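Residue numbers (my numbering): 23 to 170.
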């Protein structure tokens, strides 16, 4: 059996969480989608703090999708923390936001995000994002396997 691709979605909007989940379920790939609702929980998951210390129960994601505007800790702060972490700075991050400000896109790319996309408006658009993220995750896993 193939090991699932773990993807972490950090988004505080339940509708976006559900739409992303449905797109993952419909993609035909073996994906272990983990969802957190705020930036603080995302950082605790990623840095194995508190209840997230068990790597078997909470595997490191092969890709991360984050919203910029979340409670407690922003997407910008998550990106900065990931950029400074030798263990996590290579994990691909996609920012999915409602922001249309060019400065947000520039800043997130400067902090290491692989892509900045507007939040999808349809199931088909969510599927496009999911397939893109899965492609990044597979590439990341291939690169880390080669480096081992």
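Backbone N, C-alpha and C define an ideal beta-carbon position, used for all residues, glycine too.
Since the structure is predicted, the reported quantities are computational estimates derived from the model, not experimental observations.
Own chain residues within Cβ distance below 6 Å of residue 50, not counting five before or after: none
Cβ shell of residue 98 (< 8 Å), same chain only, five flanking positions each side left out: 90, 129, 130 and 133
Buried versus exposed, by CB contacts within 10 Å (16 or more), residue 63: buried
Beta-carbon proximity check, residue 112 vs residue 155, cutoff 9 Å: no
Alpha-carbon to alpha-carbon, residue 45 and residue 151: 9 Å
Beta-carbon contacts of residue 163 that lie in its chain and below 8 Å, excluding the five residues immediately before and after: 27 and 84
Beta-carbon proximity of residue 61 to residue 37, cut-off 9 Å: no
Element boundaries [beta strand (DSSP E), containing residue 60]: Where residue 60 is concerned, there is no enclosing beta strand (DSSP E), given that its DSSP letter is neither H nor E.
Residue 146 (DSSP reduced to helix, strand or coil): helix
Where residue 92 sits in the DSSP three-state scheme: coil
Proximity below 9 Å, CB of residue 117 to CB of residue 87: yes
Test item: CB-CB of residue 158 and residue 137 under 9 Å: yes
Rounded C-alpha distance that separates residue 41 from residue 169: 35 Å
Exposure label - residue 73; buried when at least 16 CB within 10 Å: exposed
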